[in-house]
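**Q** Protein chains in written order, with full-length UniProt numbering: chain V, 1 to 315; chain F, 1 to 326; chain W, 1 to 368. For each residue, glycine too, the CB sits at the ideal point set by N, CA and C.
Printed below as a string of structure tokens:
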């Protein structure tokens with residue numbers, strides 16, 4: 001592990017301690033919380049957010065942001081239904097095309113950001129409106145329903161006793177962790193976030209890396225859309241509204257610096273699990289939804305505060 | 001260095017100086033004028049006094065909030081909790097008004113509380129070194145959840161006579177328009193000519209250089225957020241007094257609207273450049289676009305896609321212009 | 001090459017979107033409509049066998065205390081505050097029920113599913129729901145039934161087999177008739193009007209708009225629909241949209257139909273502030289408290305709604321009856337406290353009654 005990452009892993013350690021403490025407290029509040037069935041079920045519910053958060057970690061590590069992911073999710077969900085029902089394509093092909101459209105949407109983001117030098121926040125703010133608008137216009141507010149039973153295996157079924165989509169999330173988490181932590185691509189990602197100009201001068205193909213990352217962000221949003229449709233058995237143009245804030249919260253809670261250059265997939269994974277555990281555990285303990293939102297907001301601020309205090313003592 | 005204050009070669013004409021200093025503002029102004037002419041020719045009612053009034057007055061609170069937001073963004077920060085705070089302060093104002101407090105208290109309290117809350121946010125950003133997006137993401141959750149916990153979603157009705165300041169008129173012009181115009185001009189002048197205004201540009205443009213030149217960055221950031229709170233408080237009062245009832249939930253996506261107005265208005269998200277005039281013009285442009293799409297009979301299903309395209313076009317036009325000037 | 005292929009696919013998608021069968025009015029859905037007779041003759045009701053679901057291995061809950069959760073579409077709007085109050089009233093009256101309302105702050109299918117899922121895990125005895133989407137909510141409700149939980153819907157239905165009973169506030173075609181008849185009466189048979197709705201994806205609103213279109217074509221053919229605008233569940237946006245409609249059509253606009261309890265008072269406010277009271281009729285679904293100022297000033301003559309407090313109240317009584325085993329598949333009516341006997345329709349739905357039209361004379365008697 002490089003020296004640059006070391007102070008940062010401290011955040012993951014703090015977060016992990018926080019997670020363990022939260023699990024203990026929540027398990028003490030309700031005996032239904034710490035059961036295999038509940039935990040696996042929670043994994044099912046957090047898969048879509050989790051998938052998008054993996055790519056978002058890369059995006060934020062480069063110092064960028066992608067606010068359009070929720071809209072891409074909505075657009076891909078709608079197109080899955082349109083490809084299958086209105087164009088009469090076979091469902092597997094429709095699924096593949098829907099994911100690819102997500103990739104194209106991400107590619108467009110990447111091109112706007114690199115070719116026109118539009119700051120990512122503005123570029124994706126604009127495409128957030130555009131992609132959601134396309135979803136609404138294409139769908140004409142119609143839902144597509146009546147998918148065949150095999151399709152629901154993805155979002156509602158199990159594989160070896162574990163929800164199907166959790167396997168996908170686990171696999172992609174592993175891939176993302178390896179790519180970000182151990183490959184040249186990952187090092188390029190950190191280098192761009194730490195100092196883009198310096199990265200450019202030292203020969204990092206900055207634009208190509210960025211385009212690849214935004215395209216990947218769109219692809220996973222498309223994948224999340226397919227899983228989401230399979231989980232809820234219908235498509236609607238308002239699917240995924242507001243997902244971007246949940247995803248960014250998880251990534252930032254996981255210790256990825258919003259200024260770029262720092263962050264790990266492990267951190268994002270812990271951040272995700274912590275938020276989902278709080279949502280679920282507090283509900284089981286009898287806290288209402290509005291109270292839970294308040295707690296998550298407080299945890300976000302306090303976790304980063306604690307991490308800052310510790311790292312300052314360090315240095 | 002800010003674009004507005006960038007040194008201009010002496011041989012440039014006055015027009016050239018205006019274009020380079022206020023390029024984005026002029027583009028947006030031109031877009032507003034062009035839109036009004038085109039839609040006005042298509043359907044003259046678009047240019048009727050009542051429609052222009054509703055475009056300007058109905059969205060003035062967004063422009064007022066965008067003034068504060070622009071200052072925050074120019075200082076190199078961001079506030080994603082602005083919509084939630086407006087919702088909370090509007091409910092506070094309405095609760096005081098129906099609770100029998102003098103009306104001026106109901107108007108002043110949101111401003112004071114807005115300043116205090118955002119000064120707290122600024123302190124967390126400046127002294128605890130938590131990035132502003134993190135603090136305000138947290139605040140977004142806390143305010144939104146807290147508001148529903150406290151109000152249980154009940155609407156505020158039976159507002160007293162004389163409370164609805166947003167429905168008042170002065171010389172035939174609705175009060176929100178006055179607020180928008182006066183506050184924008186005052187803030188623009190102040191940003192450009194006061195020492196503190198230049199400080200905001202300096203800490204957004206290059207914090208290290210600002211620190212080296214003796215600026216106390218931490219105090220300045222707290223002050224910027226507090227000033228933003230002042231504008232949010234006024235926006236909340238305008239928002240609360242538009243109708244006879246106050247909805248006690250946070251307006252959906254308001255933060256995105258306000259941030260979009262600021263950045264499309266030419267405030268660089270990287271900090272250091274932009275003006276509040278641009279953000280106000282952008283807020284007006286969006287309101288005019290929203291209204292004109294109905295006048296142009298754009299299918300309601302495609303309305304948001306067209307809006308998104310227009311935002312993207314504005315942004316790309318701006319980037320193209322900047323590259324040419326460089 | 002890849003890019004071209006994908007652009008082509010996207011283009012195809014766009015075209016296919018435009019090729020959808022259009023309902024007569026924007027914002028309506030494409031399900032079959034069933035307009036009522038113009039003179040209000042009740043349609044012959046074909047009796048239908050019970051098509052609801054049933055919980056597996058539900059424990060005997062007869063007379064035992066029940067722990068019930070109510071998950072509406074969203075919390076924080078007047079309408080669901082009223083249903084929640086009705087549920088709480090009925091729970092207090094029954095004595096042996098603890099009921100609580102919890103739900104998302106935005107009408108969001110994903111969050112609503114998570115809420116219900118959590119309450120299944122926490123082990124409630126009964127779930128009351130108002131679905132954001134009839135299909136999307138079905139899997140989690142079936143999971144609740146499989147866990148032996150009693151499930152009853154109100155306001156917005158799910159697929160029938162995903163719940164036991166659904167308390168229907170009023171039939172879609174009945175609402176449509178009341179709305180269009182009121183509009184025609186107030187603004188004239190040949191009036192032009194526009195609709196302000198929440199979003200085009202909200203199932204109840206889409207159903208009402210489609211039914212209104214069908215009923216207007218049948219019974220008031222000279223009414224002229226101009227357009228439908230979306231305004232979320234947002235007060236200020238609804239006001240701005242209604243104002244824009246007034247500005248756009250000028251004297252041509254004779255009526256506005258508000259499809260939600262948010263859109264209707266905001267439209268009335270827009271008409272008031274434009275000084276158009278009397279020349280533009282506002283007819284819509286709304287709660288009486290929000291409409292009193294406008295009705296008292298004669299700006300709005302009729303407000304169409306069932307009583308949402310009664311709706312929640314009835315839903316709670318139905319859930320109790322199901323848990324007690326007194327309401328079983330095949331029943332033709334159910335006792336609901338002060339509301340008396342309610343009829344079973346459509347196999348597994350319980351009808352609250354005909355929609356109610358609030359006017360200046362009676363609106364003062366209601367407080368919700």
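Spell out a yes or no on whether the stretch 187-202 of chain W and the stretch 209-220 of chain F are touching, meaning 3 or more CB-CB pairs, one atom from each, closer than 8 angstroms.
**A** No, they do not touch.
**Q** Going by Cα to Cα distance, which pick from F/312, F/288 and F/188 is closest to residue 46 of chain F?
**A** Checked all of F/312, F/288 and F/188; the closest Cα to residue 46 of chain F is F/288.
**Q** What are the boundary residues of the alpha helix (DSSP H) that residue 101 of chain F is part of?
**A** From DSSP, residue 101 of chain F is part of no alpha helix (DSSP H); its letter is neither H nor E.
**Q** 8 angstroms is my cut-off, CB to CB: does residue 30 of chain F come that close to chain V?
**A** Chain V contact via Cβ: absent.
**Q** Less than 8 angstroms between CB atoms is the rule here; does residue 80 of chain W satisfy it with respect to chain C?
**A** Among the protein chains in the structure shown, which are V, F and W, there is no chain C.
**Q** How many angstroms separate the CA atom of residue 82 of chain W from the CA atom of residue 144 of chain F?
**A** So the alpha carbons of these two residues sit roughly 21 angstroms apart.
**Q** Scan the stretch 178-202 of chain W and note each continuous beta strand (DSSP E) run of 3 residues or more that stays entirely inside, going in chain order.
**A** As far as the stretch 178-202 of chain W is concerned, its whole beta strand (DSSP E) runs of at least 3 residues are 192-197.
**Q** Quick one: what's got a C-beta closer than 6 angstroms to residue 255 of chain F's C-beta in the same chain, skipping five residues either side?
**A** The residues are 80, 82 and 83.
**Q** Using a Cβ-Cβ cut-off of 8 angstroms, state whether residue 195 of chain V counts as contacting chain W.
**A** No - not a single Cβ of chain W is within 8 angstroms of the one on residue 195 of chain V.
**Q** Run down chain V in chain order and give the residues with a C-beta less than 9 angstroms from the C-beta of residue 279 of chain F.
**A** Going along chain V, no residue has its Cβ under 9 angstroms from residue 279 of chain F, so there is no contact; the nearest lies around 13 angstroms.
**Q** Excluding five sequence neighbours on each side, which residues of the same chain lie with their C-beta closer than 8 angstroms to the C-beta of residue 234 of chain W?
**A** Here the set comprises 262.
**Q** Looking at the secondary structure, which residues open and close the alpha helix (DSSP H) in which residue 81 of chain W lies?
**A** Here the alpha helix (DSSP H) through residue 81 of chain W covers 78-94.
**Q** Checking the sheet assignment: what are the DSSP bridge partners for residue 349 of chain W?
**A** Paired residues: W/166 and W/345.
**Q** Please report the residue range of the beta strand (DSSP E) in which residue 281 of chain W lies.
**A** Residues 281-285.
**Q** Are the stretch 262-269 of chain V and the stretch 149-165 of chain V in contact at 8 angstroms, needing three or more beta carbon pairs?
**A** Judged by Cβ distances under 8 angstroms, the stretch 262-269 of chain V makes no contact with the stretch 149-165 of chain V, as fewer than three pairs qualify.
**Q** Determine the closest residue to residue 196 of chain V out of V/22, V/170 and V/61, with distance taken between C-alpha atoms.
**A** Comparing Cα-Cα distances from residue 196 of chain V to each of V/22, V/170 and V/61, the minimum goes to V/61.
**Q** Do the CB positions of residue 148 of chain V and residue 91 of chain V come within less than 8 angstroms of each other?
**A** Yes, the pair counts as a contact, with Cβ atoms nearer than the cut-off.
**Q** Residue 41 of chain V and residue 32 of chain V look like a contact to me (Cβ under 8 angstroms); what is the Cβ gap, rounded to whole Å?
**A** That belief does not hold up - the Cβ atoms of residue 41 of chain V and residue 32 of chain V are roughly 11 angstroms apart, past 8 angstroms.
**Q** Under 8 angstroms Cβ-Cβ, which residues of chain F neighbour residue 239 of chain W?
**A** Within chain F, the residues near residue 239 of chain W are 58, 242 and 243.
**Q** Does the Cβ-Cβ distance between residue 279 of chain F and residue 67 of chain F come in under 8 angstroms?
**A** Yes, the Cβ-Cβ distance between residue 279 of chain F and residue 67 of chain F is below 8 angstroms.
**Q** Suppose only complete runs of 4+ residues qualify. What are the alpha helix (DSSP H) ranges in the stretch 238-297 of chain F, listed by chain order?
**A** You should have 254-264 and 276-295.
**Q** Using three-state DSSP, classify residue 158 of chain V as helix, strand or coil.
**A** In this structure, residue 158 of chain V counts as strand in the three-state DSSP scheme.
**Q** How far does the beta strand (DSSP E) with residue 81 of chain F in it extend, from its first residue to its last?
**A** That residue, residue 81 of chain F, is in no beta strand (DSSP E); it is neither H nor E in DSSP.
**Q** Could you please give me the residues that DSSP links to residue 101 of chain W through a beta bridge?
**A** Beta-bridge pairing links residue 101 of chain W to W/70.
**Q** Please name the residue in V/305, V/233 and V/57 whose C-alpha comes closest to that of residue 179 of chain V.
**A** It is V/57.
**Q** Can you check DSSP and say which residues form a bridge with residue 127 of chain F?
**A** According to DSSP, which records beta bridges pairwise, residue 127 of chain F is partnered with nothing at all.
**Q** Please name the residues in the stretch 233-257 of chain W whose beta-carbon is closer than 9 angstroms to at least one beta-carbon of chain V, in chain order.
**A** Going along the stretch 233-257 of chain W in chain order, one finds no residue with a Cβ nearer than 9 angstroms to chain V.
**Q** Could you work out which residue in F/176, F/135, F/200 and F/133 is closest to residue 276 of chain F when comparing CA atoms only?
**A** The shortest C-alpha separation from residue 276 of chain F is found at F/200.
**Q** What does a CB cutoff of less than 7 angstroms around residue 135 of chain W pick up in its chain, not counting 5 residues either side in sequence?
**A** Same-chain partners within the cutoff: 159.
**Q** Using Cβ-Cβ distances below 8 angstroms, what residues of the stretch 287-301 of chain W are close to chain F?
**A** Flagged, chain order: 289, 290 and 293.
**Q** Cβ of residue 172 of chain F versus every heavy atom of the ligand PLP: is any distance shorter than 7 angstroms?
**A** The ligand PLP is absent from the structure shown, which contains no ligand whatsoever.
**Q** Should residue 262 of chain W be flagged as near chain V, meaning a C-beta pair shorter than 8 angstroms?
**A** Judged by the 8 angstroms Cβ criterion, residue 262 of chain W is not in contact with chain V.
**Q** From the beta carbon of residue 105 of chain W, is the nearest beta carbon of chain V less than 8 angstroms away?
**A** Yes - at least one Cβ of chain V is within 8 angstroms of the one on residue 105 of chain W.
**Q** If we ignore side chains and look at the alpha-carbon of each, how far apart do residue 155 of chain V and residue 274 of chain F end up?
**A** If I take the Cα positions, the gap works out to 47 angstroms.
**Q** May I ask which residues mark the beginning and end of the beta strand (DSSP E) holding residue 63 of chain W?
**A** It is not in any beta strand (DSSP E) - residue 63 of chain W carries neither H nor E in the DSSP assignment.
**Q** Measuring straight from C-alpha to C-alpha, what distance separates residue 273 of chain V and residue 19 of chain V?
**A** Going from the Cα of residue 273 of chain V to the Cα of residue 19 of chain V covers about 8 angstroms.
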